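Numbering (UniProt numbering), first residue to last: 1 to 217.
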């Protein structure tokens with residue numbers, strides 16, 4: 001038979017084990033809570049930083065286009081999305097540069113430079129190529145559109161990229177997407193809104209677009 005002392009020792013051992021178990025459960029619960037909170041704030045600040053970088057990019061792109069438009073400097077800027085533009089990057093000169101109005105303007109302003117007629121390619125808000133060339137569309141476009149516009153539409157027929165064009169003749173700003181081209185505002189504030197919208201709108205499935213284009217030829 002167990003003595004009173006034995007029973008007390010067993011009771012104390014059970015209490016001790018329960019205390020340890022309670023502590024372990026408490027630590028796990030706290031860890032999960034703190035881990036969840038940490039993940040939440042990490043995700044929150046990451047998203048805020050991404051949003052901030054994105055809107056800085058929209059502002060820089062708008063400033064570049066408005067300056068080029070005001071001075072009637074012909075230019076073409078392609079924004080890579082899901083479809084890789086590496087083929088066209090290899091056609092031009094590879095660079096690694098932040099996207100800045102100063103850099104954009106320095107490339108296009110010298111009309112006698114070999115870099116003037118080519119396109120700039122942007123990937124993840126950074127410039128990865130200059131003086132690149134794209135295949136021209138076979139669509140019948142309005143006579144007011146020139147070679148840059150035809151190249152922009154041609155690229156938008158083959159990829160999900162968004163291509164901005166400034167006319168050297170009129171200074172008007174256009175955007176090509178999903179095989180179509182349209183004019184954009186030359187007002188800086190409105191242009192930022194239009195850029196934001198066009199870069200966040202999901203593209204149409206490429207197969208449907210290509211079938212539609214084949215029917216037109």
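For every residue, glycine included, the Cβ atom is placed at its ideal position computed from N, Cα and C.
Since this is a predicted model, take the numbers as computed values, not measurements.
N-terminal and C-terminal residue of the beta strand (DSSP E) that residue i is part of
i           : result
residue 131 : 126-132
residue 174 : 173-177
residue 120 : 119-123
residue 156 : Segment 147-158 is the alpha helix (DSSP H) holding residue 156; no beta strand (DSSP E) there.
C-alpha distance - residue i paired with residue j, whole-angstrom precision
i           : j           : result
residue 121 : residue 54  : 16 Å
residue 57  : residue 125 : 6 Å
residue 84  : residue 71  : 32 Å
residue 217 : residue 181 : At residue 217, the pLDDT of 48 sits below 50, so the modelled position is not reliable and the matter cannot be decided from this model.
Burial state of residue i, where buried means 16 or more other Cβ atoms lie within 10 Å
i           : result
residue 112 : exposed
residue 102 : exposed
residue 144 : exposed
residue 82  : exposed
residue 159 : buried
residue 155 : buried
residue 67  : buried
residue 73  : buried
residue 162 : buried
residue 52  : exposed
Residue range of the unbroken alpha helix (DSSP H) whose run includes residue i
i           : result
residue 197 : 188-198
residue 89  : 86-91
Residues near residue i by beta carbon distance below 8 Å, same chain, minus five either side
i          : result
residue 95 : 127, 128, 129 and 130
Any non-hydrogen atom of the ligand ZN closer than 8 Å to residue i Cβ
i           : result
residue 144 : Ligands displayed in this structure: none; no statement on the ligand ZN is therefore possible.
Sequence-distant residues of its chain with Cβ nearer than 7 Å to residue i (five each side left out)
i           : result
residue 118 : 92, 130, 131, 132 and 133
residue 148 : 74, 76 and 165
residue 9   : none
Sequence-distant residues of the same chain with beta carbon closer than 6 Å to residue i, five excluded per side
i           : result
residue 177 : 156 and 162
Cutoff 9 Å: residue i Cβ touching any chain D Cβ
i          : result
residue 11 : This model lacks chain D altogether, as it is built from one protein chain only.
Does the region 104-118 come close enough to the region 189-197 that 3 or more CB-CB pairs lie under 8 Å?
no
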